[in-house]
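Numbering (this note's numbering), first residue to last: 456 to 692.
The beta-carbon is built from N, C-alpha and C at its ideal position, and this holds for glycine as well.
On a predicted model such as this, the values are computed, not experimentally measured, just so you know.
First comes the structure, then the notes that go with it.
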Ligand SMILES: [Zn+2]
Ligand SMILES: [Zn+2]
């Protein structure tokens with residue numbers, strides 16, 4: 456059975472930001488999401504799969520998610536994309552670095568500013584940009600609908616969740632630091648908003664199909680159904 460999608464999650468840096476590599480096994484084109492650090496490991500994984508980077512996307516401008524944007528761009532030449540509402544945060548990365556007591560990483564030029572409803576295309580894949588403010592003003596999530604790679608699969612891959620029926624690609628959501636397994640992103644940092652993050656999650660994420668696999672910016676993966684049913688931050692009282 457031909458592989459439908461290459462997906463590697465690499466926890467990078469001392470805050471263990473999940474960097475995702477999503478590659479098309481047919482065209483060998485990849486999107487890299489949140490290369491926060493450890494760019495050499497990201498490049499090794501890309502080389503192992505013979506992937507060429509087409510897009511470098513940042514879910515938001517927190518220092519642990521953006522530290523490798525410049526280096527990955529310099530090595531691959533791929534454009535760097537981020538939501539416009541986080542550009543201010545990105546330009547003042549030195550403030551985040553000082554707050555954490557670490558040296559500020561080099562910043563990249565942002566080649567394309569993302570907005571709600573944009574479609575990102577690479578290989579045979581197309582992902583929608585969901586603007587999900589709250590953790591930061593410009594936080595985005597990326598949604599790859601079921602069968603994003605088009606061909607119908609007859610087997611489930613190792614990444615598939617057990618509650619997914621055989622033969623179905625349930626779709627994938629890359630949630631940044633907006634939604635975690637059993638938790639949600641903090642809203643007490645620069646530009647954070649508790650009402651906004653709850654609105655984003657309820658209106659844009661929980662409306663996705665239950666089986667959707669969720670890959671948060673930190674920690675383990677989950678599903679939309681699991682979080683709708685059991686995430687303590689999302690139960691209406
Ligand atoms: Zn964050
Ligand atoms: Zn983070």
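Three-pair Cβ contact test at 8 Å for the stretch 653-661 versus the stretch 676-684: yes
Those residues which DSSP pairs with residue 466 across a bridge: DSSP output for residue 466 lists 473 as bridge partner(s).
Cβ shell of residue 505 (< 8 Å), same chain only, five flanking positions each side left out: 483
Selected residue, minimal CA-CA separation from residue 592, among 599, 530, 648: 648
CB contact flag (residue 685, residue 637, <9 Å): yes
Buried or exposed by the 16-neighbour rule on C-beta atoms within 10 Å, applied to residue 675: exposed
Where residue 497 falls: helix, strand or coil (DSSP): In the structure shown, residue 497 adopts helical secondary structure according to DSSP, grouped into three states.
As assigned by DSSP and simplified to three states, the class of residue 521: helix
6 Å Cβ shell around residue 478 - same chain, five flanking residues per side excluded: 461, 485, 504, 506
Pairwise C-alpha distance: residue 645 and residue 573: The C-alpha of residue 573 lies about 25 Å from the C-alpha of residue 645.
Neighbourhood of residue 600 by C-beta distance below 6 Å, restricted to the same chain and skipping five residues each side: 626
Below 7 Å from a heavy atom of ligand 2 - residues by beta-carbon: 470, 472, 517, 519, 520, 632, 672, 673
Straight-line Cα distance separating residue 691 from residue 488: 32 Å
Beta-bridge partners of residue 567, as assigned by DSSP: 536
Residue range of the alpha helix (DSSP H) that includes residue 645: No alpha helix (DSSP H) holds residue 645; DSSP gives it neither H nor E.
Identified DSSP bridge partners for residue 675: Answer is none; residue 675 lacks a bridge partner.
Heavy atom of ligand 1 within 8 Å of residue 646 beta-carbon: no
Residue 504: CB within 8 Å of a non-hydrogen atom of ligand 1: Not one heavy atom of ligand 1 sits closer than 8 Å to the Cβ of residue 504.
8 Å contact criterion, which residue 500 and residue 476 should meet: CB distance rounded: 6 Å
Residue range of the beta strand (DSSP E) that includes residue 660: Looking at the DSSP string, residue 660 is not in any beta strand (DSSP E), and its letter there is neither H nor E.
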